[in-house]
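J.:
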Amino acid sequence: MFIETLFGWLLAAALLLLAVSAALHALLTKREPRAAMGWIVVCLAFPAVGAAIYFLFGINRIRTRAQKLQAPHAPPASSGLSAPPTASHGDVRPEFGQQAMISQAVSGVPLVPGNAVDILHNGEQAYPAMLAAIDGASERIFLSTYIFETNAMGRRFIEALADAQERGVDVRVLIDGVGEYYTLPRPSRLLRRENIPHARFLPPRLWPPTIFINLRNHRKLLCVDGQVAFTGGMNIGDRHMVERDDGATGVVDMHFRIAGPVVTQMESVFLEDWRFATGSDAPMPPPRAMPAGNAVCRTIIDGPNEDIDKLPLILVGAIAAARRRVKIMSPYFLPPREMMAALQSAALRGVEVSVVLPARSNLPFVDWATRNLLWELLRWGVGIYYRPGPFAHTKLFVVDDHYAQVGSANLDTRSLRLNFELVTEVYDAAIARALAGHIDSVRAQSRPVTMQEIEQRPRLERFRDAVCWLFSPYL
Numbered sequence: 001m002f003i004e005t006l007f008g009w010l011l012a013a014a015l016l017l018l019a020v021s022a023a024l025h026a027l028l029t030k031r032e033p034r035a036a037m038g039w040i041v042v043c044l045a046f047p048a049v050g051a052a053i054y055f056l057f058g059i060n061r062i063r064t065r066a067q068k069l070q071a072p073h074a075p076p077a078s079s080g081l082s083a084p085p086t087a088s089h090g091d092v093r094p095e096f097g098q099q100a101m102i103s104q105a106v107s108g109v110p111l112v113p114g115n116a117v118d119i120l121h122n123g124e125q126a127y128p129a130m131l132a133a134i135d136g137a138s139e140r141i142f143l144s145t146y147i148f149e150t151n152a153m154g155r156r157f158i159e160a161l162a163d164a165q166e167r168g169v170d171v172r173v174l175i176d177g178v179g180e181y182y183t184l185p186r187p188s189r190l191l192r193r194e195n196i197p198h199a200r201f202l203p204p205r206l207w208p209p210t211i212f213i214n215l216r217n218h219r220k221l222l223c224v225d226g227q228v229a230f231t232g233g234m235n236i237g238d239r240h241m242v243e244r245d246d247g248a249t250g251v252v253d254m255h256f257r258i259a260g261p262v263v264t265q266m267e268s269v270f271l272e273d274w275r276f277a278t279g280s281d282a283p284m285p286p287p288r289a290m291p292a293g294n295a296v297c298r299t300i301i302d303g304p305n306e307d308i309d310k311l312p313l314i315l316v317g318a319i320a321a322a323r324r325r326v327k328i329m330s331p332y333f334l335p336p337r338e339m340m341a342a343l344q345s346a347a348l349r350g351v352e353v354s355v356v357l358p359a360r361s362n363l364p365f366v367d368w369a370t371r372n373l374l375w376e377l378l379r380w381g382v383g384i385y386y387r388p389g390p391f392a393h394t395k396l397f398v399v400d401d402h403y404a405q406v407g408s409a410n411l412d413t414r415s416l417r418l419n420f421e422l423v424t425e426v427y428d429a430a431i432a433r434a435l436a437g438h439i440d441s442v443r444a445q446s447r448p449v450t451m452q453e454i455e456q457r458p459r460l461e462r463f464r465d466a467v468c469w470l471f472s473p474y475l
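Quick note: the sequence shown uses the numbering used here, first residue 1, plus one each step.
1) Could you check the C-alpha separation between Leu-143 and His-198 for me, to the nearest Å?
2) Alpha helix (DSSP H) containing Ala-127: first to last residue?
3) For a test of the three-state rule: what should DSSP assign to Val-41, helix, strand or coil?
4) Hey, Thr-394 and Met-329: beta-carbon distance below 8 Å or not?
5) Pick helix, strand or coil for Arg-462, following the three-state DSSP scheme.
6) Are the CB atoms of Ser-408 and Leu-422 within a distance shorter than 8 Å?
7) Which of the three DSSP states, helix, strand or coil, is assigned to Leu-174?
8) May I ask you to verify whether the segment 111-130 touches the segment 294-304, counting CB pairs closer than 8 Å and requiring at least 3?
9) Whose C-alpha, out of Ile-213, Gln-405, Leu-374, is nearest the C-alpha of Trp-469?
10) Where does Tyr-54 fall in DSSP's three states?
11) Taking the C-alpha atoms as reference points, what is the distance between Asp-465 and Leu-191?
12) Look at the alpha carbon of Glu-425 and the alpha carbon of Val-262, and state the distance between them as a whole number of angstroms.
13) Look at the alpha carbon of Val-476 and the alpha carbon of Arg-457, and state the distance between them as a whole number of angstroms.
14) Using alpha carbons as the reference points, say which of His-255, Asn-214, Glu-166 lies closest to Gln-125.
15) Answer yes or no: do Val-382 and Gln-344 have a C-beta to C-beta separation smaller than 8 Å?
16) Within a Cβ cutoff of 6 Å, which residues of the same chain sit near Arg-484, ignoring the five residues on either side of it in sequence?
17) At which residues does the beta strand (DSSP E) containing Lys-327 begin and terminate?
18) Anyone know if the C-beta pair for Glu-180 and Phe-230 falls short of 8 Å?
19) Give every residue of the same chain whose Cβ lies closer than 7 Å to the Cβ of Ala-19, excluding the five residues on either side of it in the sequence, and list them in chain order.
20) For a test of the three-state rule: what should DSSP assign to Ser-188, helix, strand or coil?
21) In terms of alpha-carbon separation, which member of Gly-226, Thr-29, Pro-285, Asn-214 lies closest to Pro-473?
22) With distance defined between alpha-carbon atoms, name the residue in Ala-444, Leu-418, Asp-367 nearest to Glu-461.
23) Check this for me: beta carbons of Leu-311 and Leu-416, under 8 Å apart or not?
24) From Gln-98 to Pro-335, what distance separates their C-alpha atoms?
25) Buried or exposed, going by whether 16 or more other CB atoms sit within 10 Å of the CB of Met-241?
26) Got a sec? Which residues, its chain only, sit under 8 Å from Ser-188 by beta carbon, not counting five neighbours each side?
27) Please specify which runs of the beta strand (DSSP E), each continuous and at least 3 residues long, are wholly inside the segment 394-445, giving them in chain order.
28) Determine the DSSP secondary structure at Val-228, reduced to helix, strand or coil.
29) So who's on the other strand from Asn-217, going by DSSP bridges?
30) Run the proximity test for Asn-122: is its beta-carbon closer than 7 Å to any non-hydrogen atom belonging to the ligand SAM?
31) Using the rule of at least 16 other Cβ atoms within 10 Å of the residue's Cβ for burial, across every protein chain shown, is Cys-223 buried or exposed?
32) Do you know offhand how far Ile-196's Cα is from Val-173's?
What follows is the structure, encoded as C-alpha cells:
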C-alpha cells in the first residue's frame with residue numbers, strides 16, 4: 001500500500017514537473033502572448049497530454065535546426081554581402097531614405113548604384129536570355145534553382161552548361177534536395193552523367209535519417225562571369241513556356257536580368273549556399289561588374305536560420321513609407337499579422353493598396369486559407385483582385401514610383417519563415433513605373449473581390465476556409 005501511494009505521488013510530481021517545464025518553455029520562447037497563454041493553459045490543465053502535445057507540435061524547431069545546420073558554414077568576412085557601401089541613402093528619393101536605412105539595419109547589406117534591371121516575361125523571354133549568357137560565359141557560371149525539370153527546356157540548360165564546362169568555365173549548379181523530386185529523371189542524375197559539378201541542398205536521406213520538408217532553398221539565381229545575374233520567380237522547365245504548341249497550359253511568371261555591381265552580392269549568396277551544401281570552402285572571386293545603369297540595388301537574403309525575420313520587417317517598413325500607392329502581386333497570399341496591419345494602416349491613411357492574386361492557384365488549400373482573411377483587408381479599403389488564368393507565379397512588390405522588390409519570396413508563411421529566399425531591392429523610378437504598369441494592366445483584366453461575396457459564402461465553404469486558415473503557418 002505504501003509503495004503504491006509513493007509511486008502515485010512520484011508520478012504526480014513527475015507529471016507536474018513536466019507540465020511546469022513545458023509551460024515555462026512556452027512562456028520564455030513564444031513571441032505571441034496569446035500563443036504563450038494558450039500553451040500554458042493546455043500544459044497545466046492536462047499535464048501529461050498537454051505537455052506531450054506541446055513538445056511534439058508547439059516547439060519551433062525550424063529556426064533551431066536551420067541555425068545548427070548553417071552555423072559551421074558562416075560566410076567569411078570577405079563576403080560580398082558585407083562589402084563597404086558604395087551608395088548612400090541620399091542616392092534614393094528622400095521619402096525612401098528611411099526605408100533604405102531600415103533595410104540596411106535589418107539586412108546588413110549595403111546599397112550599390114550603377115545597376116541595370118531588365119524585365120523578362122515568361123520562359124519565352126527569360127530562357128533565351130539565360131542560355132545566351134551561359135553560352136557567352138568565359139570564367140564562371142553559378143546556377144541555383146528550386147525546381148530543375150528534366151524536360152526539353154531543362155535538358156537545353158544541361159547541354160549549355162556542359163558545353164560551358166568543356167570550354168573551361170567554372171560551372172556549379174545547386175538544386176534543392178526536395179525540389180528536384182518534382183521531375184523524373186532527377187536533374188542530379190543528368191548533371192552527374194555530364195560531369196557537371198553540382199550539389200543538393202539538404203536532400204532527404206535514409207541514413208542517417210534526414211528529411212526536412214521545410215528548410216528548403218527556394219532561391220532562383222543565375223550568375224555569369226560576375227557581371228550579369230538572373231533572378232525572380234522562375235524555376236527551370238517547360239512549365240514557364242506559355243505559348244506552347246502541345247496544348248498544355250503554362251505558368252505565367254516574371255524574371256529579371258540584372259547587370260552591375262549588385263551581382264557581386266548575388267554571387268556571395270550562391271557561394272554561401274554552395275559552402276553549406278558541399279562543406280567545401282568557396283573563395284569569393286574579386287568583383288568584376290562595372291556600372292551598367294541607374295538603378296540602386298541591394299540583395300536581401302532571408303531564411304529560418306536568421307535571428308530576425310528580415311523580409312517581413314523590410315516589407316512593413318516599405319509599406320509604412322508609402323505615400324501614394326502599394327501594389328502587390330503574389331501567387332500565394334498568407335501574410336503575417338504585422339504585414340496585414342501595415343496594409344490596413346496604409347489604406348486608412350489614404351494610400352491606394354492593391355493586391356492581385358490568381359483566381360485559382362495550383363494549391364487550392366492555400367486559396368481557401370487566403371479567402372478566410374481577405375475580409376480583414378477589404379473592410380479597411382484594400383483592393384483585392386482575382387486575375388484570370390493561366391496560373392500566375394509572379395511575385396512583385398511596388399511602392400509609389402520609386403521602390404520595388406523582386407525575387408523568389410511569396411507573401412506567405414512558407415517563404416517568410418520556413419524557406420531560404422532571395423529578393424532584390426530596386427530603387428529606380430523607371431523599373432518601379434514599369435512594374436506598377438504591369439500590375440495595373442493585369443488588374444484591369446481581373447475581377448475585384450467584394451466584401452459581400454466573402455460574407456455570403458456558404459457555411460460549408462466558410463468552415464473549409466477557416467480550417468485551412470488554421471494550418472496557414474505550415475502551408
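We put the beta carbon where it would ideally sit given N, CA and C, even for glycine.
T.: Considering the structure as presented:
1) Numbered from 1 along the sequence shown, position 143 holds the residue referred to as residue 143. Numbered from 1 along the sequence shown, position 198 holds the residue referred to as residue 198. In this structure, the straight-line span from the alpha carbon of Leu-143 to that of His-198 is close to 9 Å.
2) Within the sequence shown, numbered from 1, the residue matching residue 127 stands at position 127. For the record, residue 127 in the displayed sequence is Tyr; it is not Ala. Here the alpha helix (DSSP H) through Tyr-127 covers 122-135.
3) The sequence position of residue 41 within the sequence shown is 41, counting from 1. Per DSSP, reduced to three states, the secondary structure at Val-41 is helical.
4) Your numbering for residue 394 matches position 394 in the sequence shown. Your numbering for residue 329 matches position 329 in the sequence shown. Judged by their CB atoms, Thr-394 and Met-329 are nearer to each other than the 8 Å cut-off.
5) Numbered from its first residue, the sequence shown carries residue 462 at position 462. Arg-462 falls in the helix class under three-state DSSP.
6) Along the sequence shown, read from residue 1 onward, the residue named residue 422 stands at position 422. Along the sequence shown, read from residue 1 onward, the residue named residue 408 stands at position 408. Taking 8 Å as the Cβ cut-off, Leu-422 and Ser-408 qualify as a contacting pair.
7) Within the sequence shown, the letter at position 174 stands for residue 174. When secondary structure is reduced to three states using DSSP, Leu-174 falls in the strand class.
8) Cβ pair count under 8 Å is three or more, so yes.
9) As a working note, residue 469 is residue 469 in the sequence shown. Of Ile-213, Gln-405, Leu-374, the residue nearest in Cα terms is Leu-374.
10) Here the question's residue 54 lines up with position 54 in the sequence shown. The answer is helix: DSSP assigns Tyr-54 an H, G or I state.
11) Here residue 465 refers to the residue found at position 465 of the sequence shown. Here residue 191 refers to the residue found at position 191 of the sequence shown. When rounded, the distance between both Cα atoms is 42 Å.
12) Mapped onto the sequence shown, residue 425 falls at position 425. Mapped onto the sequence shown, residue 262 falls at position 262. Approximately 10 Å, taken between the alpha carbons.
13) Not covered by the structure: residue 476. The range shown for the chain is 1 to 475.
14) Translated into positions along the sequence shown, residue 125 becomes position 125. Checking every option, the nearest Cα to that of Gln-125 belongs to His-255.
15) Here residue 382 refers to the residue found at position 382 when the sequence shown is read from its first residue. Here residue 344 refers to the residue found at position 344 when the sequence shown is read from its first residue. Yes. Within cutoff.
16) In the structure as shown, the chain begins at 1 and stops at 475. Residue 484 is therefore absent and cannot be evaluated.
17) Here residue 327 refers to the residue found at position 327 of the sequence shown. First-last of the beta strand (DSSP E) with Lys-327: 325-329.
18) The residue labelled residue 180 in the question sits at position 180 within the sequence shown. The residue labelled residue 230 in the question sits at position 230 within the sequence shown. No.
19) In the sequence shown, counting from the first residue as 1, residue 19 sits at position 19. Cys-43, Leu-44, Pro-47, Gly-50, Ala-51.
20) The sequence position of residue 188 within the sequence shown is 188, counting from 1. In the three-state DSSP reduction, Ser-188 falls in the helix class (H, G or I).
21) Here residue 473 corresponds to residue number 473 of the sequence shown, with the count starting at 1. Nearest option by C-alpha distance: Asn-214.
22) Along the sequence shown, read from residue 1 onward, the residue named residue 461 stands at position 461. Nearest option by C-alpha distance: Asp-367.
23) Sequence index remark: in the sequence shown, residue 311 carries index 311 (1-based). Sequence index remark: in the sequence shown, residue 416 carries index 416 (1-based). For Leu-311 and Leu-416, yes; Cβs fall inside 8 Å.
24) The sequence position of residue 98 within the sequence shown is 98, counting from 1. The sequence position of residue 335 within the sequence shown is 335, counting from 1. If you draw a straight line from the Cα of Gln-98 to the Cα of Pro-335, it comes to about 23 Å.
25) The residue given as residue 241 occupies position 241 in the sequence shown. Answer is buried; the Cβ neighbour count reaches 16.
26) Here residue 188 corresponds to residue number 188 of the sequence shown, with the count starting at 1. Result list for Ser-188: Ile-175, Glu-180, His-198, Arg-200, in chain order.
27) The DSSP assignment places 396-399, 403-407, 421-427 as complete runs of the beta strand (DSSP E) inside the segment 394-445, in order along the chain (cut-off: 3 residues).
28) For the purposes of this step, residue 228 is taken as the residue at position 228 of the sequence shown. Three-state DSSP puts Val-228 in a strand.
29) Counted from its first residue, the sequence shown places residue 217 at position 217. Asn-217 is bridged by DSSP to Phe-420.
30) In the structure shown, the ligand SAM is absent, as is every other ligand, since no ligand is present at all.
31) Translated into positions along the sequence shown, residue 223 becomes position 223. A residue is called buried when at least 16 other Cβ atoms come within 10 angstroms of its Cβ; Cys-223 meets this threshold and is buried.
32) To locate residue 196, count along the sequence shown from 1; it is residue 196. To locate residue 173, count along the sequence shown from 1; it is residue 173. Spanning the two alpha carbons is a distance of roughly 8 Å.
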